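Chains A and B supply the protein sequences, listed in that same order.
According to this note's numbering, the first sequence is numbered sequentially starting from 1.
According to this note's numbering, the second sequence is numbered sequentially starting from 1001.
By construction, the Cβ of each residue, glycine as well, lies at the ideal position given by its N, Cα and C atoms.
As the structure is a prediction and not an experimental result, all values here were calculated from the model.
Number of protein chains: 2
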Amino acid sequence: MIDVCLLGTGGTVPLPQRWLTSCLIRYQGSSILIDSGEGTQIALHKEGFSCKQIDAVLLTHYHADHTAGIPGLLLSMAKSDRTEPVWIIGPKGLKNFIDGVLKIALYIPFELNLLEYEENEFCFTMSGLEITAFRVRHSVPCWGYEINAARRPRFEAERARAQDIPVRFWNRLQKGETITDGDMTYTPEMVLGAPRKGLKLVYVTDTRPVPVIAEHAKDADLLIAEGMYGEEEKLEKAKLNRHMMMYEAAQIAKEANVKELWLTHYSPSMPHPAQYKEAVQKIFPNTVISKDGQKTDLAFTEE
Amino acid sequence: MIDVCLLGTGGTVPLPQRWLTSCLIRYQGSSILIDSGEGTQIALHKEGFSCKQIDAVLLTHYHADHTAGIPGLLLSMAKSDRTEPVWIIGPKGLKNFIDGVLKIALYIPFELNLLEYEENEFCFTMSGLEITAFRVRHSVPCWGYEINAARRPRFEAERARAQDIPVRFWNRLQKGETITDGDMTYTPEMVLGAPRKGLKLVYVTDTRPVPVIAEHAKDADLLIAEGMYGEEEKLEKAKLNRHMMMYEAAQIAKEANVKELWLTHYSPSMPHPAQYKEAVQKIFPNTVISKDGQKTDLAFTEE
Chain A
1 MIDVCLLGTG GTVPLPQRWL TSCLIRYQGS SILIDSGEGT QIALHKEGFS CKQIDAVLLT
61 HYHADHTAGI PGLLLSMAKS DRTEPVWIIG PKGLKNFIDG VLKIALYIPF ELNLLEYEEN
121 EFCFTMSGLE ITAFRVRHSV PCWGYEINAA RRPRFEAERA RAQDIPVRFW NRLQKGETIT
181 DGDMTYTPEM VLGAPRKGLK LVYVTDTRPV PVIAEHAKDA DLLIAEGMYG EEEKLEKAKL
241 NRHMMMYEAA QIAKEANVKE LWLTHYSPSM PHPAQYKEAV QKIFPNTVIS KDGQKTDLAF
301 TEE
Chain B
1001 MIDVCLLGTG GTVPLPQRWL TSCLIRYQGS SILIDSGEGT QIALHKEGFS CKQIDAVLLT
1061 HYHADHTAGI PGLLLSMAKS DRTEPVWIIG PKGLKNFIDG VLKIALYIPF ELNLLEYEEN
1121 EFCFTMSGLE ITAFRVRHSV PCWGYEINAA RRPRFEAERA RAQDIPVRFW NRLQKGETIT
1181 DGDMTYTPEM VLGAPRKGLK LVYVTDTRPV PVIAEHAKDA DLLIAEGMYG EEEKLEKAKL
1241 NRHMMMYEAA QIAKEANVKE LWLTHYSPSM PHPAQYKEAV QKIFPNTVIS KDGQKTDLAF
1301 TEE
């Protein structure tokens, strides 16, 4: 199960009634935050989460509405007596950014582990999740994140017994190990069932619609995507500033056959994003006009 | 008249129901902000002010609960199409801090004028206000601000006429100029009345109580001061971290004979600062347990 909380849904500037777009992902006891604009630590607090628990922060790009909350976040971690290192992961420019952060957030008593990438596609594994950063198209270099929770095949004890496989090897076989014992060789295939569907979550903002988004979001359980404007006449503005329209995100969700689409990163010029609900649901019915604090538990679907 | 708005009253970390301590001062069309922690731009917005209007930001010290809102503030100014320069004024360390800010807030399209001081007492004039930064005692170098709006003496037209002073000189005399015209010398004293009381506002956080505060706050119209804790048993903690207790601030207000004291910079551990109202008002009756958005218009008292 992946717990997802979209802490804020705003773009550009934080508003009194709308935090900036940021997403907390919790899986098997670990917490990963994607983006952290000004006020994200307050939104976390409001939703009942503690800064202390966060293991890693993934950044999409270095516009401050996605990053300016980092100094306060790190200091609040420090005040909560955190001593474990924090991972900060982001595209090229991370070290320069963190250099700036440390001139504002002085006295960080724990280690910052930095993972800076610049490939168009960059994969890593963290807290049991397989994560791929993929380059999108914004006014500055920007990446989306595909997050996968793989699921191990079921261990079939009946088959193991039928093949006289010693019980002491079961655990290692379940974990995918091949075991040689005297003349005998036992492989995971001998005891494991068919592959089971995992979970996939894709987060993408800020960007124009580009084919790579649907490729990564293919059959995802949840796509969280920018819907900067609902007004069709703002398309030119969206193109100019490299942002995505609500209906463009809905088209991607449809094309990628995702289960659900959450829109976010609304322009401050759009006080009531829900007024476009009907229009975007005509394109992709399972579209949610997210609100701050939108939550779900993504559950594995197969027994 | 000086318009004062205490945008937030929190210390250390911003809370969902309490912005960080920051004060907006408006005088004769200019706006000066003292301190800007994470979320200050949201508090400004909430109170109906625009970031665009701010002419100067004064910083007391470089703890992030007083500074981490600067990147977002500058970017919101940028988004409001501001082109005029912004003054940022603070103690030694300002250039290093701004160097960090500019690694987070990229693309600032207006000039930043920096005024960095390190004297224990540093005076400057800005937007018609005489401002003195005075060093207090915190865990890092920290300054308070004394802000004075001087008031010109009344121009006494009857006296000017009685002395046959040509009307063409009246305006220059009113502004304090001495004028020689042929054999005649006209001085401001010939036409100006007695000195009139100006307005004084003092802002001081974070600090232990030190004599310099009452000296600068002497007879002030408003003293805005830290009241980190109300609980008497937290005195040792306040001493250790160099913060000021509510009742210590009240004692300073009494000693300095200020008209009104606003407490602020409450510890996040103190959810209901108003519960100490009666106790601090026993020391200094005109104590206000400030709330976010506390406002007043300080008006000149003499005709």
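Boundaries of the beta strand (DSSP E) in which residue i is found, first to last residue
{"i": "B/P1091", "result": "V1086 to P1091"}
{"i": "B/A1225", "result": "L1222 to E1226"}
{"i": "A/K197", "result": "R196 to V204"}
{"i": "B/A1150", "result": "W1143 to R1151"}
{"i": "A/Q294", "result": "Q294 to L298"}
{"i": "A/M184", "result": "M184 to Y186"}
{"i": "A/E130", "result": "L129 to R135"}
{"i": "B/V1288", "result": "T1287 to I1289"}
{"i": "A/R208", "result": "Taken as a continuous stretch (DSSP letters only), A/R208 belongs to no beta strand (DSSP E), as it is neither H nor E."}
{"i": "B/R1026", "result": "S1022 to Y1027"}
{"i": "A/G8", "result": "I2 to G8"}
Boundaries of the alpha helix (DSSP H) in which residue i is found, first to last residue
{"i": "B/S1054", "result": "Note that residue 1054 of chain B is Ile in the sequence shown here, rather than Ser. Careful: B/I1054 lies outside any alpha helix (DSSP H), inside the beta strand (DSSP E) at I1054 to L1058."}
{"i": "B/N1171", "result": "W1170 to Q1174"}
{"i": "B/T1031", "result": "Here residue 1031 of chain B is Ser; the residue named in the question, Thr, does not match the sequence. First-last for B/S1031: S1030 to I1034, but that is the beta strand (DSSP E), not the alpha helix (DSSP H)."}
{"i": "A/T40", "result": "T40 to K46"}
{"i": "B/I1179", "result": "Looking at the DSSP string, B/I1179 is not in any alpha helix (DSSP H); the run it does join, the beta strand (DSSP E), is I1179 to D1181."}
{"i": "A/E231", "result": "Neither: A/E231 is in no alpha helix (DSSP H) and is coded neither H nor E."}
{"i": "A/E158", "result": "A157 to A162"}
Heavy atom of the ligand COA within 7 angstroms of residue i beta-carbon
{"i": "B/L1015", "result": "Looking at this structure, you won't find the ligand COA or any other ligand, since it has none at all."}
Supposed contact pair residue j and residue i - C-beta distance, whole angstroms, cut 8 angstroms
{"i": "B/D1292", "j": "B/W1019", "result": "5 angstroms"}
{"i": "B/F1284", "j": "B/L1298", "result": "Not confirmed; about 18 angstroms, so no contact."}
{"i": "A/S36", "j": "A/T67", "result": "7 angstroms"}
{"i": "A/P188", "j": "A/T178", "result": "7 angstroms"}
{"i": "A/A149", "j": "A/G128", "result": "7 angstroms"}
{"i": "B/C1005", "j": "B/K1295", "result": "5 angstroms"}
{"i": "B/K1046", "j": "B/S1080", "result": "Incorrect: roughly 16 angstroms between the Cβ atoms, too far for contact."}
{"i": "B/L1073", "j": "B/K1095", "result": "About 18 angstroms; that fails the 8 angstroms criterion."}
{"i": "B/R1082", "j": "B/F1049", "result": "Contact flag wrong, Cβ pair sits at about 14 angstroms."}
{"i": "A/R152", "j": "A/D206", "result": "Contact flag wrong, Cβ pair sits at about 36 angstroms."}
Beta-carbon proximity of residue i to residue j, cut-off 8 angstroms
{"i": "B/M974", "j": "B/A1225", "result": "In the structure as shown, chain B begins at 1001 and stops at 1303. Residue 974 of chain B is therefore absent and cannot be evaluated."}
{"i": "A/P14", "j": "B/Q1041", "result": "yes"}
{"i": "A/I213", "j": "A/I25", "result": "no"}
{"i": "B/L1235", "j": "B/M1246", "result": "no"}
{"i": "A/I88", "j": "B/F1097", "result": "no"}
{"i": "A/V86", "j": "A/V136", "result": "no"}
{"i": "B/E1038", "j": "A/G11", "result": "no"}
{"i": "B/A1064", "j": "A/L75", "result": "yes"}
{"i": "B/I1034", "j": "B/L1199", "result": "no"}
{"i": "A/A162", "j": "A/W170", "result": "no"}
{"i": "B/V1288", "j": "B/A1250", "result": "no"}
{"i": "A/G8", "j": "A/A43", "result": "yes"}
{"i": "B/R1208", "j": "B/K1175", "result": "no"}
Residue of the options minimising C-alpha distance to residue i
{"i": "A/E215", "options": "A/L6, A/D221, A/A256 and A/A249", "result": "A/A256"}
{"i": "A/K92", "options": "A/L58, A/L106 and A/D65", "result": "A/L58"}
{"i": "A/V204", "options": "A/G193, A/P195, A/L222 and A/E189", "result": "A/L222"}
{"i": "A/V258", "options": "A/K239, A/V202 and A/M77", "result": "A/V202"}
{"i": "A/Q17", "options": "A/I32, A/E260, A/Y266 and A/V288", "result": "A/Y266"}
{"i": "A/W143", "options": "A/A105, A/L7, A/D181 and A/E116", "result": "A/E116"}
{"i": "B/S1031", "options": "B/G1090, B/G1048, B/A1056 and B/L1044", "result": "B/A1056"}
{"i": "A/G193", "options": "A/L199, A/D164 and A/F155", "result": "A/F155"}
{"i": "A/T60", "options": "A/Q174, A/R152 and A/F122", "result": "A/F122"}
{"i": "B/R1196", "options": "B/L1007, B/G1008 and B/F1300", "result": "B/F1300"}
{"i": "A/S269", "options": "A/D164, A/Q281 and A/G227", "result": "A/G227"}
{"i": "B/E1084", "options": "B/K1095, B/I1108 and B/Y1062", "result": "B/I1108"}
{"i": "A/Y62", "options": "A/N241, A/G90, A/M126 and A/G230", "result": "A/G90"}
{"i": "A/A253", "options": "A/G230, A/N286 and A/E119", "result": "A/N286"}
{"i": "A/E118", "options": "A/T132, A/M184 and A/I54", "result": "A/T132"}
{"i": "A/H272", "options": "A/N120, A/T180 and A/Y229", "result": "A/Y229"}
{"i": "A/L106", "options": "B/F1124, B/L1112, B/L1106 and B/V1140", "result": "B/V1140"}
{"i": "A/L112", "options": "A/A78, A/E158 and A/T125", "result": "A/A78"}
{"i": "B/E1130", "options": "B/K1282, B/K1237, B/Y1027 and B/E1248", "result": "B/Y1027"}
Neighbouring residues, chain D, relative to residue i (Cβ below 9 angstroms)
{"i": "B/H1045", "result": "The structure shown contains no chain D; its protein chains are A and B."}
Inset, instruction - Jot down the residue ranges of each uninterrupted alpha helix (DSSP H) in the segment 235-278 of chain A, minimum 4 residues, whole runs only, in chain order. - result: Taking only runs of at least 4 residues, the alpha helix (DSSP H) segments lying wholly in the segment 235-278 of chain A are 235-240 and 246-256.
Inset, instruction - Within the segment 60-126 of chain A, note down every full alpha helix (DSSP H) run reaching 4 residues or more, in order along the chain. - result: For the segment 60-126 of chain A, whole alpha helix (DSSP H) runs of length 4 or above, ordered along the chain, are 70-79 and 94-104.
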